[in-house]
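Have a look at the structure below, then the notes.
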Ligand SMILES: NC(=O)c1ccc[n+]([C@@H]2O[C@H](COP(=O)([O-])OP(=O)(O)OC[C@H]3O[C@@H](n4cnc5c(N)ncnc54)[C@H](OP(=O)(O)O)[C@@H]3O)[C@@H](O)[C@H]2O)c1
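Residue numbers (the numbering used here): 21 to 342.
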């Protein structure tokens, strides 16, 4: 395993484990997944993964409970990251939500506590006042944000009066927005960009095509899995496969290696099996050549999916036909 070159109390692994899938019916993994989830966490620890990402909203607290129980006595080794859903993120609410998350996780200290998304009405001053108080009493280590623009991340940092260590954002070969501003900022200032949906929810695995789309409500709502987009993505998947063959790896591993090439990026893929967790952890060791990186970037730029408003009627149709 490799670790991000940023000064933190515990090392943060370049590959973490995302746990939205834990206890969340909408992924469609069924009740037996709960036991597998615990095995995935245990295997991740064996492989040197330190970063475990959850949120109070995942499975309405179930993800935090499953994660905390699976970490067990190894909780102090892990960088446990959770998130507050900022419905009314005023200071006392933030404090109360953190106490509840810590109880579900079974910890006295949340290593990284993140604001799940920017609230358009409630400003970061009051949210960060709550975060600062949580840090002062030792319940929270580092503060992070999620789905924040660069401007708002910088503003949150001014409001906290301390570093806001990380910004968790959608970042993958097919969602490269963070490369224009968040990545250069993180590199310049020693902050971290945490890539969520780094496999575009499995789109980049090459496992799915128009005749074989994934099940579950989450991915039925994801335009990348529309038959048209699965077809349009074939060339990109082809390039991922070519690079993967040269490394005796899989397309998913190469999609992760692309992200991890950036020094201040960590990725937090979810996993439906222990084997996927093992492969994802191994991706941290893959070094792409400049030529491979450029080929991936070119193929990714050529991929033009149907998204936004144009995708809406197709998503509705897919909901009724799948
Ligand atoms: N902050 C936010 O707003 C936000 C939003 C979304 C997610 N997140 C966080 O980010 C984490 C990851 O994002 P995500 O779950 O949306 O998407 P993701 O990590 O891109 O995709 C996860 C899915 O990809 C497939 N997969 C994983 N490893 C694989 C491998 N080695 N080979 C083939 N397929 C593989 C699995 O599905 P199948 O096996 O079923 O195909 C798995 O459930 C979440 O768990 C959550 O912690 C945060």
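Where a beta carbon is used, it is the ideal one built from N, C-alpha and C, also for glycine.
Note that this is a predicted model, so its numbers are computed, not measured.
Bridge partners for residue 164 per DSSP, in chain order? 134, 186
Closer than 7 Å: is that where the CB of residue 291 sits relative to any heavy atom of ligand 1? yes
In this structure, does DSSP put residue 101 in helix, strand or coil? strand
Whole-Å CB distance - residue 186 paired with residue 224, under 8 Å assumed: Not quite, the Cβ-Cβ distance comes to about 22 Å (not below 8 Å), so this is no contact.
Kindly indicate the opening and closing residues of the alpha helix (DSSP H) around residue 316. 310 to 322
Residues sharing a beta bridge with residue 249, DSSP: According to DSSP, which records beta bridges pairwise, residue 249 is partnered with nothing at all.
So what does DSSP say about residue 33, is it helix, strand or coil? strand
Cβ atoms of residue 60 and residue 91: under 8 Å apart, would you say? no
Taking residue 260 as the reference, which of 194, 202, 233 has the closest Cα? When only C-alpha atoms are compared, the closest one is 194.
Does the Cβ of residue 97 have 16 or more other Cβ atoms within 10 Å, making it buried, or fewer, making it exposed? exposed
Below 8 Å CB to CB, which residues in the same chain sit around residue 27 once its five sequence neighbours on both sides are set aside? 210
For residue 144, count neighbouring Cβ atoms within 10 angstroms of its own Cβ and tell me buried if that reaches 16, exposed if not. buried
So, with DSSP's three-state summary, where would you put residue 257? helix
Residue 73, enclosing beta strand (DSSP E) - first and last residue: 71 to 73
Enumerated in chain order, which unbroken segments of the beta strand (DSSP E) with a length of 3 residues or greater are wholly contained in the segment 268 to 313? 285 to 287
Is residue 201 helix, strand or coil by DSSP? coil
Tell me which residues share the same chain as residue 32 and place their Cβ nearer than 8 Å to its Cβ, disregarding the 5 neighbours each side in the sequence. Same-chain partners within the cutoff: 23, 24, 26, 70, 71, 99, 212, 286.
Residues in its own chain within less than 7 Å of residue 252 by CB, not counting five upstream and five downstream? Correct list, in chain order: 323, 324, 325.
Identity of the residue in 73, 198, 306, 62 nearest residue 265 by Cα: 306
Note down, in chain order, each residue of its chain lying with its Cβ closer than 7 Å to the Cβ of residue 137, except the 5 sequence neighbours on either side. 106, 166, 167
Consult DSSP for residue 192 and reduce its assignment to one of helix, strand or coil. strand
Decide if residue 200 is buried, meaning its Cβ has at least 16 other Cβ atoms within 10 Å, or exposed. Residue 200 sits exposed, since fewer than 16 C-beta atoms from the chains shown fall within 10 Å of its C-beta.
Give the range of the alpha helix (DSSP H) segment to which residue 53 is assigned. 53 to 66
Strictly by DSSP, which residues pair up with residue 94? None; residue 94 has no bridge partner.
Residues that residue 38 bridges to, as DSSP identifies them: 73
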